[in-house]
Structure formats: structure tokens, C-alpha cells
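**Q**
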Amino acid sequence: MRKSWSKIILQLATVSFFVIPILAAGENYSSSNFKVADPVIDSGAGLSVSASYKLQSSVGQLVAGSGLTASYRINSGFLYYVIPPVPTHKSCVSQTCATITGAGTDTCTVDANCVVTPPSGGGGGGGGGGGYWPPTPSEVQAIFRGKAYPRSVITILKDGQIFGTTLAGDDANFEIRASGLTAGSYNFGIWAEDSQYNRSLTQQFQVGVTTGFTTVVSGIFFAPTISVDKIEVQRGQPISIFGQSAPSSTISVLINSPRQLTKKTISDESGIWLYKFDTSEVDYGDHSTRATAAKDGDMTSFSKTAGFKVGTKTILASLTPKTIKTDISGDGRVNLVDFSILAYWYRRALTTPAAQKADLNADGKVDLKDFSIMAYYWTG
Amino acid sequence: MKKYLFLLLATLLIPNQVLGAAIRFQNSALGQVDVLLDTEGDAINVIDVSLRFDPKVFQIASLGDGNSAVNFWITKPGFSNDDGLVSFSGMIPGGMMGSAVKLINLNFSKAPASEGSFRVSGSAYLNDGSGRSISLAGDALVNPGSMPGANLSDEISPESFVPQLIQNDSLYDGKWALVFSTTDKGSGIARYELIENSLVLGGGRFSSSSAGSPYLLKDQKLASDIYVRAVDRAGNVREAILEAKNKPFWNWTNAAVLLVLLLLIVVAYVFLRRRYK
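So the sequence lines, in the order shown, correspond to chains A and B.
Each residue of the first sequence is one higher than the one before, counting from 1 in this note's numbering.
Each residue of the second sequence is one higher than the one before, counting from 1 in this note's numbering.
Below, the structure written as C-alpha cells:
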């Protein structure tokens, strides 16, 4: 009898040896702001907190994929919460919604001008859902508001590196928040990408933020994007100058030639604008054009410059996206990676691959001029 | 012909540098002196500054770049009291325009009772994609004010950051390298420390107490966890961890688990054998 028991125990021990998982942790998650290393799936109320996120444990990772809204991202099974910023307005008194206030109906229409008071509890249950966390009184944030292009992607850079993105509305208005900051001075850069993937110039702001206060930068108005349909045009033939701005904006198109010309047009509901320029108004040779936009008494700075030649033949412009020479790494962005490569070659003798890629102005060396060219095309 | 000659001469005479922009000093609330850039209405994206001073008149105790508008240093700010020189160059992505763009701050251990001056030279590059620059030349006046004796008070760690692995044929012959950068809102970044901790059994560990970016990785198989620490001038630390891209199965953790299990089996076997002998 004793022998049979010992056999059972031995068998159980052998089986359990194979059952014990060597690695019980889930897959790691990370973003530019945080990393969840070796997450353990449990149904407890564990809570991890850092300066930029809060993580509550969940009951299981049932579905692959992630959900994304303007205010949070959720990877099924593990819940991520962007800590809501400190409200800058009082809650709307007329706002009633069961899911928020605990009384009323199950549906909620949120007034865009209203900051809703979050509930006191944490987020949803396992496997999905999400929610609000109460605002942290000591949180420091900055808000940027303005006009870009309808449905354009707005990217915000913090100290030269991408901090977040948002979408502009159909009216081209956008608002983007930078939260989870520490008190101090930051360089914020904001740029927009139009429907044709043309990028605006980066608008730069040096913003000092203080604990417990929200700094609001408003009135941002991006200069129009600009392109031409021909790189060379036969004199007397029209050339189309076009781009995108806020809807119903007055676009002033400047033709830079010995005699500067200014033409005007209006952008449509999608913000698209077009001006057909009669090239018989200018001489043969190289010319360039740039544009500004005006709306509701507000005016943008100048756009980027687009060049064209007036000659004896017509050559259409390529519709393929332009590659940026300053993108040394070829990843479609001009950022820390490219800066690091340039910094490595600064004042060094260039090898052939380095001369082809890092010498941005092709003067045989990497100097501060190359850094300046890179800074102009920076995307973060 | 004369027309073309005139155009050629005009082109040659166009100055590569145009005058404008200025460096000035301003006593900050902490008793430090901020070195500021007045861009005179131009957007500036790269600066290159040398400040010369008389070492018999001034002695610099420390220098900081916290809250600087410069996000990426090309030549890190440094000073020499022997040579009477402060120099630095850096980049502001997207450019910056303003009358008081902060570059660095200085703390003096010796300064005259009244106003003194620094000789400024260098360039500020326009944010127009052309690489054109503006000359920075002249004298900048320093009023000692509350100097000397400013203390460096900073309890805030550098900003969080994410190191990135890169492999590019124009860098280190296409070998794997690491790039990293962050800022500090207090005293400024003093240095970066880096550890490559190999997960391969017997793979070893390499550390550098003063690593620069880009950094050529010792472990080209990417089987090491990499720890990068940004240390500010007050000693506050921010650490970023980059996990091994190629984790070996026979790493220390798995080996330890298997060893423990084998030990348990041996113990169980010995125990049972003794019991039923």
C-alpha cells in the first residue's frame, strides 16, 4: 500500500515537472513613455504607477490586437491609461450621463467644449474596456490649439522627439495635449501632414510649464502646403500651383521672380486650393513660389517654397512622394537616428557611404551647415 | 557680356554670413547667469558660440544646460578657466525665434564687483534649409549681481528616454549601434552611463561610465540587455532599459530554473530510494 502511494507521488512530481512553465510572464509592452516588462496575468487589484501611466492588472489576455481613441490606447488583456489632465474648465452643469455621473441614461453625448469629471474609480474589467483615472493634482501639462488642414495628422515633438499625434477635425481645428511633464522649459514643435502626405513646416514653441498649472498655446495657424504640377513649363502654358489649408481660406500665392507677383485664390471645403498661373507673365528661367493663408482675421507665415522653370518644353512633376535627403537612415523620418549619424561624422574624414548620405550640402565635409539643413527638415 | 559679369560679381559678393543676432547675459533667479540668444527676428536652428573672458577677472565654477532651448549638443558646453574660454555648439530642431532664447547658464567663483565683459564670437544658422548663418560677434556685458556663490539645486531626474538600435552602412561599417538622448530641466545632463549585460551563459558584462551617442555595441549578436543611465549635473539619474533583441534560450534565468528542478529531482530520488530500501 505504502509503495503504491509513493508511486503516485513520484508520478505526480514527474508530471508537475513538465507542467511547470519555465516562463510564465506575458509579452512585454512598451511605448515611448513607458514599458511593461514581464506582465503577470492575475485578477487582483494590483496597480503600477509612474509619472506617465497607470497600469491595472486584468483577468486575461483573450483577444489579440489593440483599440485606439484620441484619449487612450488599450491592448487587450493589459490596460493602459493615459492619466487625464487637470481640467481647465468646470464640468458642464447641463451634462447628464449615467456612465459618467451615475444617474440617467446609458448613452452620453459629450459636449466638445465641456470637460467631463471622471468617476472616482478605476478602469474597466478584464480583457478589454478602459476608463478614466482621477486627475493628478500635481500634473503638469500644456495644450496646443489651432488650425491645420481638414483631417490632417498633427504631430507634436517634445524637445525634438515625437511625443504624440492627433487628428484635426473637418474644420481643420485641432487640440493636442502634452501631459505627464515635469516643471521646466520645453521646446515643443508641431507639424501637420496634409491629405497628400505633404508636411508643413514645424512650428516651434518654447514653453515654460509649472506644477499645477495648464499652459495653453492657442491661435496656431499652419501655413498652406504647396506643390506644382510641372518642374519645367513651356513659356505661355499654365502651371498649377496647389496645396491644402484650412477650409475657405484666402490663399495668397507669391511668384518669386525679378518682378514679384501675388495672386489670390480661395480654398474649398476640404481646404484644397489651386491656382493656374499663366507663365507668360514671367521671363524664361528659374522661379519659385510660396503661399500664405488668411482666415477670420488670422494669417499664416509663408509656406515652404516650390520651384519651377519656365523654358521651351514642359516636364511634369513626379507624383511619387519626395525623399528627404536629410533622412540619412532612410526610415522616412528625420530624427535622433539621423542626427547621431551626422554627429559621428562631424569634423571627420568622410568614407564613401558617409559622403553620399551624411554630407547634406555636398561640400565634401560634415559641418554645422549640414546640421542646420537637417534641423529645418526635422520630423522627430 | 557686361550684364553677366555684373551678375557674377554680385553673386560672389553676396555674403555667406549676414550680421544680426546677439548673445547677452542675464542674472537668473538662482543667482546664476543665463547666456541668452537674441535672434533679432530670425528663426535660428544651430548655434556655435565661443565666449572669451579674462581669467584674472572671472573664474567659472560650473556650467549648466538645464532648460536650454538647445535639444541636441553637437559640441557639449565646456569651459576652461586657464584659457578663459566657454564654447559650445548645438541644434534646435525646427528653429527658434525670440529675444531671450536660453542657451546655457554659468556660475562664477570669481567675478568683479562691477560690470565686466565677455568677447563673443561664433555663428547662428538660419532655419531656412539653406545652411546660411548669422555672425555672432561683439562684447556681452556681465553684471555680477548676486555672484558668486550660487548653489546648484536640482532634485529632478532627467526626462525619460528610449534608446534606439540602428544599423546603417554609413555608420561603423554597418555594425549595430545605439543612439540615445534626453534633456534635464534642472542642472542639465552631465553624462551617460551604459551597461551591456549579456544573457548568454559566460557572455560577460561590459560597462562604460561615460558613453556617447552613437555608441558602437560590443555585443553585435544583440543578446544583451542594455541599460543606459542619464546622469544630470546634480547626480540625479534616469535609466532606460533596452531588452536583448535576440534572447538566447540558454540564458541565466532558464539555466537557473532547470538547475533547481534537476536538484529537486535528485533530492526526491535519493529520498525515495532511502525510504524504500
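Where is the CB? At the ideal position from N, CA and C, for every residue including glycine.
Every value quoted in this text rests on a predicted model; they were computed, and no experiment measured them.
Can you tell me the Cα-Cα spacing of residue 174 of chain B and residue 167 of chain B, whole angstroms?
**A** Cα-Cα distance, rounded: 5 angstroms.
**Q** Determine the direct distance from the alpha carbon of residue 268 of chain A to that of residue 153 of chain A, and round the result to whole angstroms.
**A** Computed Cα separation, rounded: 19 angstroms.
**Q** Chain A beta carbons: is any one of them nearer than 9 angstroms to that of residue 48 of chain B?
**A** It does; some Cβ of chain A falls within 9 angstroms.
**Q** Please report how far the alpha carbon of residue 58 of chain B lies from the alpha carbon of residue 327 of chain A, in whole angstroms.
**A** Roughly 43 angstroms between the two C-alpha positions.
**Q** For residue 315 of chain A, count neighbouring Cβ atoms within 10 angstroms of its own Cβ and tell me buried if that reaches 16, exposed if not.
**A** Exposed, by the Cβ-count rule.
**Q** Provide the residue span of the beta strand (DSSP E) that contains residue 143 of chain B, from first to last.
**A** Premise fails: residue 143 of chain B is in no beta strand (DSSP E) and is neither H nor E.
**Q** Apart from the five residues just before and just after residue 101 of chain B, which ones in its own chain have a Cβ nearer than 7 angstroms to its Cβ?
**A** Answer for residue 101 of chain B: 36, 37, 39, 69, listed in chain order.
**Q** Residues in the same chain with beta-carbon distance under 8 angstroms from residue 160 of chain B, minus the five sequence neighbours each way, listed in chain order, please.
**A** Within the same chain, residue 160 of chain B has close Cβ partners 182, 238, 240.
**Q** By the DSSP assignment, the alpha helix (DSSP H) with residue 328 of chain A in it spans what residues?
**A** Run containing residue 328 of chain A: none; DSSP gives neither H nor E here.
**Q** If you count every other CB in all the chains shown that lies within 10 Å of the CB of residue 224 of chain A, and 16 or more means buried, which is it?
**A** Residue 224 of chain A should be labelled buried.
**Q** Identify the contact partners of residue 214 of chain B in chain A, using a Cβ-Cβ distance below 8 angstroms as the criterion.
**A** Under the 8 angstroms cutoff, chain A gives 340, 341, 343, 344.
**Q** Determine the contact status of residue 179 of chain B and residue 336 of chain A, defining contact as a CB-CB distance below 9 angstroms.
**A** The answer is yes: Cβ separation under 9 angstroms.
**Q** May I have the straight-line CA-CA distance separating residue 70 of chain A from residue 284 of chain A, to the nearest angstrom?
**A** Legend: pLDDT at residue 70 of chain A = 44, less than 50; position of this residue unreliable, value from coordinates given subsequently. Going from the Cα of residue 70 of chain A to the Cα of residue 284 of chain A covers about 50 angstroms.
**Q** Restricting to Cα atoms, I'd like to know which of B:125, B:231, B:53 is closest to residue 117 of chain B.
**A** With distances taken between Cα atoms, residue 117 of chain B lies closest to B:53.
**Q** Please report how far the alpha carbon of residue 88 of chain A lies from the alpha carbon of residue 71 of chain B, in whole angstroms.
**A** Because the pLDDT of residue 88 of chain A is 34, which lies under 50, any placement of that residue in the model is unreliable, and the question is left without a value.
**Q** Could you tell me the boundaries of the beta strand (DSSP E) in which residue 341 of chain A lies?
**A** Run containing residue 341 of chain A: none in the beta strand (DSSP E); it sits in the alpha helix (DSSP H), 336-345.
**Q** To the nearest angstrom, how far is the alpha carbon of residue 66 of chain B from that of residue 110 of chain B?
**A** Cα to Cα, residue 66 of chain B sits roughly 22 angstroms from residue 110 of chain B.
**Q** Give the secondary structure of residue 86 of chain A by DSSP, where H, G and I count as helix, E and B as strand, and everything else as coil.
**A** With a pLDDT of 36 at residue 86 of chain A, under the threshold of 50, the modelled position of that residue is not reliable, and the figure given next carries that caveat. Residue 86 of chain A: coil per DSSP, three-state reduction.
**Q** Where do the N-terminal and C-terminal ends of the alpha helix (DSSP H) with residue 374 of chain A fall, by residue?
**A** That run of the alpha helix (DSSP H) goes 368-376.
**Q** By Cβ distance, which residues of its chain are closer than 6 angstroms to residue 217 of chain A, with the 5 residues on each side in sequence left out?
**A** Taken in chain order, the residues that qualify are 144, 205.
**Q** May I ask you to report which of helix, strand or coil DSSP gives residue 278 of chain B?
**A** Since the first and last residues shown for chain B are 1 and 277, residue 278 of chain B lies out of range.
**Q** Report the partner residues of residue 201 of chain A according to the DSSP bridge assignment.
**A** Partner(s): none; residue 201 of chain A has no beta bridge.
**Q** Would you kindly work out how many angstroms separate the C-alpha atoms of residue 274 of chain A and residue 305 of chain A, rounded to a whole number?
**A** Looking at the two C-alpha atoms, the distance is approximately 15 angstroms.
**Q** By the three-class DSSP mapping on this structure, what secondary structure does residue 129 of chain B have?
**A** In the structure shown, residue 129 of chain B sits in coil (DSSP, three-state: anything other than H, G, I, E or B).
**Q** Mapping DSSP to helix, strand and coil, what is residue 152 of chain A?
**A** Note: residue 152 of chain A maps to coil in three-state DSSP.
**Q** What residues in its chain sit with their C-beta under 7 angstroms from that of residue 280 of chain A, if we drop five residues either side in the sequence?
**A** Cβ neighbours of residue 280 of chain A beyond the five flanking positions: 235, 236.
**Q** Determine whether the Cβ of residue 159 of chain B lies closer than 9 angstroms to any Cβ atom of chain A.
**A** Residue 159 of chain B counts as touching chain A.
**Q** Excluding sequence positions up to five away, which residues of its chain have a Cβ less than 8 angstroms from the Cβ of residue 270 of chain A?
**A** 150, 195, 244, 247.
**Q** Applying the criterion that 16 or more other CB atoms from any shown protein chain within 10 Å of the CB defines a buried residue, is residue 201 of chain B buried or exposed?
**A** By the 10 Å Cβ count, residue 201 of chain B comes out exposed.
**Q** Check for me: the beta strand (DSSP E) holding residue 305 of chain A runs from which residue to which?
**A** Looking at the DSSP string, residue 305 of chain A is not in any beta strand (DSSP E), and its letter there is neither H nor E.
**Q** Comparing alpha-carbon positions, which option in B:25, B:129, B:61, B:217 lies nearest residue 233 of chain B?
**A** Comparing Cα-Cα distances from residue 233 of chain B to each of B:25, B:129, B:61, B:217, the minimum goes to B:61.
**Q** Residues of chain B with CB closer than 8 angstroms to the CB of residue 353 of chain A, please, in chain order.
**A** Here the neighbours are 169, 170.
**Q** Please report the straight-line C-alpha distance between residue 233 of chain A and residue 193 of chain A, rounded to a whole angstrom.
**A** Between residue 233 of chain A and residue 193 of chain A, the C-alpha separation is close to 27 angstroms.
**Q** Hey, is residue 211 of chain B's beta-carbon within less than 9 angstroms of any beta-carbon in chain A?
**A** Chain A contact via Cβ: absent.
**Q** Tell me the DSSP bridge mates of residue 146 of chain A?
**A** Per DSSP, A:174, A:220.
**Q** Among A:201, A:325, A:352, A:347, which residue has its Cα nearest to the Cα of residue 374 of chain A?
**A** Of the candidates A:201, A:325, A:352, A:347, the one whose C-alpha sits nearest the C-alpha of residue 374 of chain A is A:325.
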